[in-house]
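A.B. asks: Quick note: the sequence shown uses my numbering, first residue 2, plus one each step.
Glycine included, each C-beta is placed from N, C-alpha and C at the ideal position.
It should be emphasised that the depicted structure is a prediction, and the values quoted were computed from it without experimental measurement.
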Amino acid sequence: MTAVVLDQVTKVYDNGVLAVDDVSLRVDSGELLVLLGPSGCGKTTLLRIIAGLEEQTAGDVWLSGQIANELPPQKRNVAMVFQDGALYPHLTVRDNLAFPLHSDRTVDKLAVQDKVREMAHGLSIEQTLDRRPSMLSGGERQRVAMGRALIRGKPAVLLMDEPLASLDVSLRSGLRAEISALLRSLRITTVYVTHDQVEALSLADRIVVLRDGAVEDVGTPDRVYHDPRSAFVAAFLGSPPVNLAWATIWVINGDRVVLDFGGQHLDLAWTDPRSEPLTPYHGMSMIVGIRPEALTPWSAKTDGSRLCGRVSSLEYHGHEWMARLEVGFRPVDINEVRMRPQRRAMSNGAAGGRRGRKAAAAKAASPNGAVAGRRGRKAAAAAAGAADPPRHHGAHRGTHLLVRLDSPKGWASGQQVAVAVDVPNVYVFDGDGRRVDSPLV
Ligand code: ATP
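Below is the structure:
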């Protein structure tokens, strides 16, 4: 069953800020859905709209199959946990936990005490019951906040707004695992907000990546990480981050597709399932993403594609080394790359959509509409303006390729090295950052 549905929800604040932009989502019963995105992307606003604490400007909210637009927060059967726990400072842990039960006249005093003890036991905070919040650690405070949210029974949906953000790193990972185990054992439908991609990847059943109030991608952690729908999603998930660089696409019909970085290139075999979707982009400047783990030191025994560069730094990270290679690629400034304008145009019915995009790209690549073969390639490239400056100029933040190494053996700063590229793990995005190489997208 679907616990929450957001249908084309938009929120514009009185000051004109567009905080949520046409968001449609569903949360299945028992699911842990994580809203992930940078500061200001609208995560908290969405959570508050579900809770009824903020009214949407347009669109509908459904809870447990009922439209909830007009329901006040107390009638939504929604529980909320905030970053700071928001406990009553003058009450003990016992009284904080018992507080939500006081409004329920059907629960007698003894039953309240039993429920408090049971909840405290479940959250391993029995020893804190007589303390006030100021006498608790950050982790204990968050446990009490969870207990208070859940003590009245299973809510239709539990909303958690960065509950671990104020805790230190070691405490965070322990409590994250506990929260995950608790929510899963109780099968509580949860919407969890964070800007921390590690938290999102480790907790979520599905992740929603938000950017500027709009949904950029939705999927399981594995899908969103390994098969991102946009350059922004690829860049937001992963530490160390994905390498992004501009490259020109050359389609050599029946032979291969070349990703040309200018001086260096990668080839996709014609039989590679990504070659066909890339043919309309012949001669165009595109964004190529390569995760650091797709690069390994080249050895004489290695087959396949490689890239070369000069080692500019080697960093020790304890469990691994991180190398930066100067490769001379044109870097991408992700802040300059946006899918939104085209999406808006699509919803207005103007030129957009995959077919429209492909047609436009094909037209740009070849005035007669045909994808160029070996002989027609140069002419088509000239027509596409492939030699022109790129449409998007990155703020040249360095032309480095990040490579993860088990050991820096054989590598030293200043040295020229080669890396093998696991080409199946290379992504191609159009100039707006939209993934175009995968037939699934
Ligand atoms: P953070 O991670 O920093 O908490 P967020 O992703 O939760 O950010 P929101 O708090 O939902 O983002 O804010 C989305 C946008 O709406 C931001 O530009 C913010 O400045 C703006 N905003 C939030 N609340 C209000 C308000 N009450 N009035 C006007 N603008 C607001």
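1) DSSP three-state call for Val372: helix, strand or coil?
2) Should Val18 be listed as close to the ligand ATP, given that the test is whether its C-beta is under 7 Å from any heavy atom?
3) Here's the rule: buried if 16 or more other CB atoms are within 10 angstroms of the residue's CB, otherwise exposed. What is Arg188?
4) Whole angstroms are fine: how far does the CA of Val13 sit from the CA of Met340?
5) Assign Asp423 to one of three DSSP states: helix, strand, or coil.
6) Using 8 Å as the Cβ pair cut-off and three pairs as the minimum, do the segment 66-74 and the segment 27-41 touch?
7) State the Cα-Cα distance for the pair Ile253 and Ser276, rounded to the nearest angstrom.
8) Measuring straight from C-alpha to C-alpha, what distance separates Leu130 and Ala324?
9) Would you call the segment 122-129 in contact with the segment 41-51, where contact means no fewer than 3 C-beta pairs closer than 8 Å?
10) Is the separation between the beta-carbon of Val94 and that of Pro156 shorter than 8 Å?
11) Using 7 Å as the cut-off, classify the Cβ of Gly43 as near or not near the heavy atoms of the ligand ATP, replying yes or no.
12) Under the rule that 16 or more other beta-carbon atoms within 10 Å means buried, what is Ser25, buried or exposed?
13) On the premise that Leu54 lies in contact with Val209, defined as a C-beta separation below 8 Å, what is that separation, rounded to the nearest angstrom?
14) For a test of your reading of the model: does the CB of Thr46 fall under 7 Å from any non-hydrogen atom of the ligand ATP? Yes or no.
15) On a CA-only basis, which of Asp206, Ile288 and Asp423 is nearest Gly305? Give me that one, please.
16) With a threshold of 7 Å (Cβ to nearest heavy atom), would Ser167 be considered close to the ligand ATP?
17) Could you check if His91 is buried or exposed, using at least 16 other CB atoms within 10 Å of its CB as the buried criterion?
18) Can you give the beta carbon distance from Ser174 to Leu315, rounded, assuming they're within the 8 Å contact cut?
19) So Arg436 and Ser231 are supposed to be a Cβ contact under 8 Å. How far apart are they, rounded?
20) Do Val10 and Val21 come within 8 Å of each other at the CB atom, strictly closer than that value?
21) In angstroms with no decimal places, state the Cα-to-Cα distance between Ser288 and Gly434.
22) Considering Cα atoms alone, identify which of Ala99, Lys76, Asp8 and Phe83 is closest to Ala59.
23) Within the present structure, is the beta-carbon of Lys193 separated from the nearest heavy atom of the ligand ATP by less than 7 Å?
24) Excluding the 5 residues flanking Gly329 on each side, which residues of the same chain have their C-beta closer than 8 Å to its C-beta?
25) Which stretch, first to last residue, makes up the alpha helix (DSSP H) that contains Arg95?
26) Which residues in the same chain have their Cβ closer than 6 Å to the Cβ of Pro409, if we skip the five residues on either side of it in sequence?
27) What are the uninterrupted segments assigned as alpha helix (DSSP H) that are 4 or more residues long and contained completely in the segment 166-218, given in chain order?
28) Exposed or buried, what is Glu200 when buried is set at 16 or more other beta-carbons lying within 10 Å of its beta-carbon?
29) What residue range does the alpha helix (DSSP H) around Asp223 cover?
30) What I want to know is whether the C-beta of Gly1 ends up closer than 7 Å to one or more non-hydrogen atoms of the ligand ATP.
31) With respect to the beta strand (DSSP E) encompassing Leu19, which residues constitute its N-terminal and C-terminal limits?
32) Where do the ends of the alpha helix (DSSP H) carrying His122 lie?
33) What's the C-alpha gap between Glu337 and Phe233?
34) Throw me the rounded Cβ distance for the Arg405 and Pro293 pair, which I believe falls under 8 Å.
35) What residues match up with Cys309 in a beta bridge as DSSP calls it?
C.D. replies: Let's see:
1) Reliability of the predicted coordinates at Val372 is poor, the pLDDT of 35 falling under 50, and no value is obtained from them.
2) Flag set: Cβ of Val18 near the ligand ATP.
3) Under this definition Arg188 is an exposed residue.
4) Pairing Met340 with Val13, the inter-Cα distance amounts to about 20 Å.
5) Asp423 falls in the coil class under three-state DSSP.
6) Output reads no: the segment 27-41 does not touch the segment 66-74.
7) Counting only the Cα atoms, Ser276 lies some 10 Å from Ile253.
8) In a straight line, the C-alpha of Leu130 is about 50 Å away from that of Ala324.
9) As far as the Cβ criterion goes, the segment 122-129 does not touch the segment 41-51, which means the pair count is below three.
10) It is not a contact, given that the beta carbons lie outside the stated cut-off.
11) Within 7 Å of the C-beta of Gly43 there is at least one heavy atom belonging to the ligand ATP.
12) Here Ser25 is exposed: its Cβ has fewer than 16 other Cβ atoms, across all protein chains shown, within 10 Å.
13) About 19 Å separates the two Cβ atoms, so there is no contact after all.
14) Taking the Cβ of Thr46 as the reference point, at least one heavy atom of the ligand ATP falls within a distance shorter than 7 Å.
15) Distances from the CA of Gly305 to each of Asp206, Ile288 and Asp423 were compared; the closest alpha carbon is that of Asp423.
16) Incorrect: Ser167 has no Cβ contact closer than 7 Å to the ligand ATP.
17) With fewer than 16 other Cβ atoms within 10 Å, it is exposed.
18) With 8 Å as the limit, Ser174 and Leu315 do not qualify as a contact, their Cβ atoms being about 27 Å apart.
19) Going by Cβ atoms, the distance from Arg436 to Ser231 rounds to 6 Å, so yes, they are a contact pair.
20) In this structure, Val21 lies near Val10, with their beta-carbon atoms less than 8 Å apart.
21) Residue 288 is actually Ile in this sequence, not Ser. Cα to Cα, the separation comes out at about 7 Å.
22) The shortest C-alpha separation from Ala59 is found at Asp8.
23) Going by the sequence as given, residue 193 is Tyr instead of Lys. False, no ligand heavy atom lies under 7 Å from that Cβ.
24) If we look at Gly329 and ignore the five residues flanking it on each side, its Cβ neighbours are Phe262, Gly263, Gly264, Gln265, Gly310 and Thr400.
25) Counting along the chain, Arg95 sits inside the alpha helix (DSSP H) bounded by residues Val94 to His103.
26) Same-chain partners within the cutoff: Leu315 and Trp322.
27) Runs of the alpha helix (DSSP H) inside the segment 166-218: 170-187 and 198-204.
28) Result: buried.
29) From DSSP, the alpha helix (DSSP H) with Asp223 extends over Pro222 to His227.
30) For residue 1 there is no data in the structure shown, the boundaries of the chain being 2 and 442.
31) Its beta strand (DSSP E) spans residues Leu19 to Asp29.
32) The continuous alpha helix (DSSP H) containing His122 extends over residues Lys110 to Gly123.
33) Between the alpha carbons of Glu337 and Phe233 lies a distance of about 10 Å.
34) With a Cβ gap of about 5 Å, Arg405 and Pro293 count as contacting.
35) In the DSSP output, where bridge partners are listed per residue, Cys309 has Ala419.
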